[in-house]
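Residue numbers (my numbering), protein chains in the order written: chain A, 313 to 663; chain B, 313 to 663; chain C, 313 to 663; chain D, 313 to 663.
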């Protein structure tokens, strides 16, 4: 077995960080040497996440107290806006470190777009250009050579895996995309907000951030790139669903060039024939979050619309795994030349 | 107080029937004199629905054993396909009885359409013409005179209350309607199916009946009627959400005639200004099922789409109340000249 | 109809306050004239609780800005420790006001016990003696004459309704009571705490406050009173269950004097024969929270234990209704000589 | 790596069978060669459990169509009453096969007790004596030599891991055990029963099988064995909780010999110091199902009771993993001399 690669996790007290730790503990090529969480610094991880009490882990420390010299790879689960500065700082002293960023800070290539959506000036525009968009199935070769990987948001992962091949094949109208998205509550993170209390989010559902969810920018960037469209605008409407994990995107597309729903499905089957984590469901089988919970798998499928000339593309994933920590590890595996499925091949947990 | 109106409930062992009983018990002008449920005939209602054990109720009997002569009004919560024959039979002997049908059997005016969607020949085509579509807010005058009221499906109620005024105002394109619908599990009824087991439907969500849900026919019928379009086709895509009650429809519409989202919202505000059960949410407030649970209220709103020239119309209701039993009682109140809100004015239960 | 009684609600931004408002709006003898909520003062209630947006309500004000002179009765849903001072102050100026307190501040008759459990000196020891413990079924006569009613905690209501008659009948051993209690998450209130986030409390369950839950003091006080035992100690072990509403207490009792489980059940049947809100389930039927959700009903039953000489007493209620706001209104009805069931006779909401 | 051991799974269409398959697919020393499920025979597994569609699996066959000669080990997830005959038959032809039984058929050593609880004559009394009770931590040496391993029920696993060491240390009164148990709905299996529909089991909770749950017999057998008590009777009262996975048992014990809660905790700490899957929670930390979901871990702890001379012992596990499929694999590992944690070392899934 290869030597262990020493990893650090920035922001280990969030759900994303915790899920990364959960998987990293059992990854045969990882050794966790640093966990940071400013507000919980000094505490053992077992106090912050009781489900991790079964194994020994480093105590949480402040970012500035971590010894980045002892770390080969950094996973970053910080809130957006905080990652750029720390990334820059780590690279200055330890340019050999690889950073796999699960935040939004390096996903958008254009700093102006970043500012438009996140309301902040990008403070690391010098390193932004080397960031690779970490949608593994579509940027694998670049990821293999990168030292800064900007993992996609959970929604964009679900949407783009479904739509990019169709866009590339010229089978759908780029300007008429309606994406109705549904997410479990863990997508909102662990911070204390009224709308994610059990009594508020349970036994009910609601749209949120309609017309302004930041993941829209990534979707527009990536689909626009395929289509060579500068200012693509899509409809992306997220809903909060009373479940912890899981995301399902129902995309309503207009077919072009005489394509049928079956053609679209074939495009996906071909595109993902050799992919270990993307499953095109059997014909007529509708993807559901239960097919992927707790796993790095994505399920996609295409079904005909009742309106002629349209189709419905459905995709689902676990927002904390393939939508975040799992895909980050997948990218880590690619970046270090490991078997891509290492440490993330668990089958979904059902029921 | 007016004399009590004697009611019978056909199909009292389903969720719809039970919710009707729940409300009828406390309705000041109703007296429950017959409850039928063929498979549970002979049992006390308290054994079939434990939450109704607090009050005395007639035992369940077979349909053929009920004395329809002692009944003024019949609420019908039978599965589709079974209502036509029994309705016909009751009318033959007791033409003065009013029937408020919560099943699908009389909703579609065209028997051919009925056959197309339900796979059955309509066996009461002679009385079908007198059936009034029981969307109270839009057919009130007809309901007041009817003896056969075909209450809309739960989804059509949510969709049509949101879209009919907009269609009527000529503000939306009838041919480009994408309706992404989400429902709690009670919409599937109480029958034993694997997909509605707690472990299957919980902590997960799934689309279902995509492209073939029967409620689509009603939506097309009613919107088509406003627009004078014979063969209107809409996209209607339902999803099963892990909650018991509640339905939310996100309708993506193309604006015509220069209308804006704000114009659409105004249309709804005006249309429902005097309606006791339809609330247009404050500007920018997104409807959520938590706003209506357990009540006869509907909440609607319109928000701008990021794509110019489009808008998003959101509507929500409790599928068992306004989507079924509550609306049936509302129609009963109208039909008998009672105050329309009688017995169904409870505020939503939250949390 | 009697004139409306003008009410004010202290602490209207909590779940208890909101549920009181929900019921009060439809109570035929109540008129809501004041709603207070210090942190939300100035806001319309519809912004704080969206499910109440269907009806007009007074805006929220600070306690000191409410005009208590315009109020006949005050419902208090403040956190413990804050109620005593305000109660005292209101009584000083408006001695004719009736105060129905849903907080814990006046439940314990002994100020020393209050201090022991709540860690605070009682600041209204002069009016404490006139507080009546508001367990309606057992203190009805006193409540009818009281101007200060200390409604029991949700758990004590469930436990005492089940055990007081048995204790009174001398059928159970007071010193060997094990009460395993389970509550939905709304019992924890609306404050932002990590353990009640959807992702923390969902799909899982946990004991909490074991050996130190404050409701234990009330249970010991009331059962001890019946038995004439000064320092009674009971086991009371609460668990947090992934549901919003509902509470179920499983009490394990040792039988004395040759009593059997059937004897105990008979005692309950007799004790509650004329009670409108207490249902003794049919023999062998196990109480479940689904039988009472959203209602003021309580269901109790007794079943034999496999260990000879022991029995299991089970009781269930909705913590926000019979466990709080509903019982408060029941007490209000008693105190004002109204029909006791007025405004709280809704049947349970199921499913 | 050792050669693969070829396994067959009897009853692969239940939750227990499916969870075994989920884990077996990724077990480095297992090769799945046969899956049986009589009612679904002929179907691909992916149609019966959609979450297993990501990997190739043998199609489901009838028991009589499986080639037991090609199998080294059989996992049995059949309903009780059906396992004895098939076990006997397999052993007759293939005596070298090891059978790891997850059903209840060989757990009770006394055929009379089996008949008393299961209402059936034991039809394999000749092989019953060689069955080892598969509570790994307490029967490890026997399991290593066994060819027939009767894995404990989910509840007994949780209860016995907590109580056996305390019973063995003589610290608790065997005759005064009250065990209040709570389980997620998956414990009821995948069969279609009304009480486990989403709408029936969700947002509510209920006791069930009070005084007659069959797992009681195992608990009495094993604790009785330690104490040398022939006819031990314990109180065991299960409750159905609205979550899919997870089980928590709150055991109320009377201390003997001057033992304290701290002494009991120390006993557990010592007993499980070297156990890979049993975690004694930090002092004062209350076990919750969230600590073990989806994993083979058990968490136990002891806290003082408010009643002097008593203590509360709490234990939790995932009923489908450590309570069934996980423990079965743990036993398989022991039986084949593999590292005991192989294939079941995933950390819990949270949130």
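Where is the CB? At the ideal position from N, CA and C, for every residue including glycine.
Can you tell me the Cα-Cα spacing of residue 333/D and residue 318/A, whole angstroms? Counted from its first residue, the fourth chain places residue 333/D at position 21. Counted from its first residue, the first chain places residue 318/A at position 6. Taking the straight line from one Cα to the other gives about 33 angstroms.
Euclidean distance between Cα positions of residue 652/B and residue 628/B: As a position in the second chain, residue 652/B is number 340, starting the count at 1. As a position in the second chain, residue 628/B is number 316, starting the count at 1. Going from the Cα of residue 652/B to the Cα of residue 628/B covers about 20 angstroms.
Could you give the first and the last residue of the continuous beta strand (DSSP E) run that contains residue 623/A? Residue mapping note: residue 623/A aligns to position 311 of the first chain, counting from 1. Here the beta strand (DSSP E) through residue 623/A covers 622–629.
Which of the three DSSP states is assigned to residue 504/C in this structure? Working through the third chain from its first residue, we reach residue 504/C at position 192. Looking at residue 504/C - three-state DSSP - the assignment turns out to be coil, as it is neither helix nor strand.
Per DSSP, what kind of secondary structure is residue 541/C in: helix, strand or coil? As a first step, residue 541/C is located in the third chain; it is residue number 229 there, counting from the start. Three-state DSSP puts residue 541/C in coil, outside helix and strand.
The stretch 615–639 of chain B: positions lying closer than 9 angstroms to chain A by Cβ: 615, 616, 617, 618, 619, 620, 622, 624, 626 and 628
Give the DSSP-derived three-state secondary structure of residue 613/A in the structure shown. Mapped onto the first chain, residue 613/A falls at position 301. In this structure, residue 613/A counts as strand in the three-state DSSP scheme.
Counting only beta-carbon atoms, is residue 596/A nearer than 7 angstroms to chain C? Taking the first chain and counting its residues from 1, one reaches residue 596/A at position 284. Taking Cβ atoms only, chain C never reaches closer than 7 angstroms to residue 596/A, which makes this a no.
Look up residue 589/D in the DSSP assignment and say whether it is helix, strand or coil. Residue 589/D sits at position 277 when you count from the first residue of the fourth chain. In this structure, residue 589/D counts as coil in the three-state DSSP scheme.
With H, G and I counted as helix, E and B as strand and the rest as coil, what does DSSP make of residue 555/B? Counted from its first residue, the second chain places residue 555/B at position 243. Three-state DSSP puts residue 555/B in coil, outside helix and strand.
So the candidates are 472/A, 409/A and 413/A; which of them puts its Cα closest to the Cα of residue 626/A? Taking the first chain and counting its residues from 1, the one referred to as residue 626/A is at position 314. Comparing Cα-Cα distances from residue 626/A to each of 472/A, 409/A and 413/A, the minimum goes to 472/A.
What does residue 600/D touch in chain C if you count any residue whose Cβ is under 7 angstroms from its own? Translated into positions along the fourth chain, residue 600/D becomes position 288. Neighbours of residue 600/D on chain C, chain order: 516, 517 and 518.
Spell out whether any CB of chain A is found under 7 angstroms from the CB atom of residue 490/B. Looking up residue 490/B in the second chain gives position 178. Yes, because at least one Cβ of chain A sits closer than 7 angstroms to the Cβ of residue 490/B.
Buried or exposed: residue 365/A, going by 16 or more other Cβ atoms within 10 Å of its Cβ? Position 53 of the first chain, counted from the start, is the residue given in the question as residue 365/A. Buried is the call here.
If you measure between the beta carbons of residue 418/B and residue 321/B, is that distance less than 7 angstroms? What you label residue 418/B is simply residue 106 of the second chain in a count that begins at 1. What you label residue 321/B is simply residue 9 of the second chain in a count that begins at 1. Not closer than 7 angstroms, so no.
Unbroken alpha helix (DSSP H) run spanning residue 489/D, endpoints: Counted from its first residue, the fourth chain places residue 489/D at position 177. Segment: none, residue 489/D is in no alpha helix (DSSP H) and carries neither H nor E.
Can you check whether the CB of residue 414/C is closer than 7 angstroms to the CB of residue 328/C? Taking the first residue of the third chain as position 1, residue 328/C is located at position 16. Taking the first residue of the third chain as position 1, residue 414/C is located at position 102. Going by C-beta atoms, residue 328/C is nearer than 7 angstroms to residue 414/C.
Note down, in chain order, every chain A residue with its Cβ under 8 angstroms from the Cβ of residue 657/D. Along the fourth chain, one-based indexing puts residue 657/D at 345. Per Cβ cutoff of 8 angstroms: 338.
Taking residue 521/C as the reference, give the member of 570/C, 500/C and 533/C with the closest Cα. The count along the third chain starts at 1 and reaches residue 521/C at position 209. For the residues 570/C, 500/C and 533/C, the minimum Cα distance to residue 521/C belongs to 500/C.
Let's see if you can read the secondary structure: which residues bound the beta strand (DSSP E) around residue 361/B? Position 49 of the second chain, counted from the first residue, corresponds to residue 361/B. Segment: none, residue 361/B is in no beta strand (DSSP E) and carries neither H nor E.
For a test of the three-state rule: what should DSSP assign to residue 462/B, helix, strand or coil? Residue mapping note: residue 462/B aligns to position 150 of the second chain, counting from 1. DSSP places residue 462/B in strand when its eight states are reduced to three.
Check each residue of the stretch 543–567 of chain D: if its Cβ is closer than 9 angstroms to any Cβ of chain C, include it; give the result in chain order. 545, 546, 547, 548, 549, 551, 552, 553, 554, 555, 556, 557, 558, 560, 562 and 564
Excluding sequence positions up to five away, which residues of its chain have a Cβ less than 7 angstroms from the Cβ of residue 361/C? The sequence position of residue 361/C within the third chain is 49, counting from 1. If we look at residue 361/C and ignore the five residues flanking it on each side, its Cβ neighbours are 330.
Close beta carbons around residue 513/A, own chain, < 8 angstroms, minus the five adjacent residues each side: The sequence position of residue 513/A within the first chain is 201, counting from 1. Excluding positions up to five away in sequence, the list reads 497, 507, 552 and 554.
Give the residues of chain C in contact with residue 662/B, contact being defined as C-beta atoms less than 9 angstroms apart. Walking along the second chain from the start, residue 662/B turns up at place 350. Result: 327, 330, 331, 334, 361, 362, 363, 364 and 556.
So residue 504/A contacts chain C; which residues on that side make the cut at Cβ distance below 8 angstroms? Position 192 of the first chain, counted from the first residue, corresponds to residue 504/A. Within 8 angstroms Cβ-Cβ: 504, 505, 506 and 509.
Where residue 580/B and residue 591/B are concerned, what is the direct C-alpha to C-alpha distance, given to the nearest angstrom? Within the second chain, residue 580/B is the residue found at index 268, counting from 1. Within the second chain, residue 591/B is the residue found at index 279, counting from 1. Taking the straight line joining both Cα atoms gives about 9 angstroms.
If you check the beta carbons only, do residue 393/B and residue 420/B fall under 7 angstroms apart? Counting from 1 along the second chain, the entry for residue 393/B is found at position 81. Counting from 1 along the second chain, the entry for residue 420/B is found at position 108. No.
Quick one, are the C-beta atoms of residue 608/D and residue 634/D less than 7 angstroms apart? As a working note, residue 608/D is residue 296 in the fourth chain. As a working note, residue 634/D is residue 322 in the fourth chain. Result yes, Cβ atoms of residue 608/D and residue 634/D sit closer than 7 angstroms.
Are residue 353/A and residue 374/A close, meaning C-beta to C-beta below 7 angstroms? Numbered from its first residue, the first chain carries residue 353/A at position 41. Numbered from its first residue, the first chain carries residue 374/A at position 62. Yes; because the gap between Cβ atoms is below 7 angstroms, this pair is in contact.
What ranges does the beta strand (DSSP E) occupy inside the stretch 331–383 of chain C, keeping only unbroken runs of at least 3 residues that lie completely in it? 342–348
Between which two residues does the alpha helix (DSSP H) carrying residue 638/A extend? For the purposes of this step, residue 638/A is taken as the residue at position 326 of the first chain. It spans 638–647 - the alpha helix (DSSP H) in which residue 638/A sits, taken as one unbroken run.
Residues of chain C with a CB under 8 angstroms from the CB of residue 605/D: which are they? For the purposes of this step, residue 605/D is taken as the residue at position 293 of the fourth chain. Residues of chain C passing the Cβ test: 515 and 516.
Got a sec? Which residues, its chain only, sit under 8 angstroms from residue 425/A by beta carbon, not counting five neighbours each side? Along the first chain, read from residue 1 onward, the residue named residue 425/A stands at position 113. Correct list, in chain order: 529 and 533.
DSSP three-state call for residue 444/A: helix, strand or coil? On the first chain, position 132 is the one that residue 444/A refers to. Looking at residue 444/A - three-state DSSP - the assignment turns out to be strand.
How would you list, in chain order, the residues of chain B whose beta-carbon sits under 7 angstroms from the beta-carbon of residue 498/D? Here residue 498/D refers to the residue found at position 186 when the fourth chain is read from its first residue. Correct list: 511.
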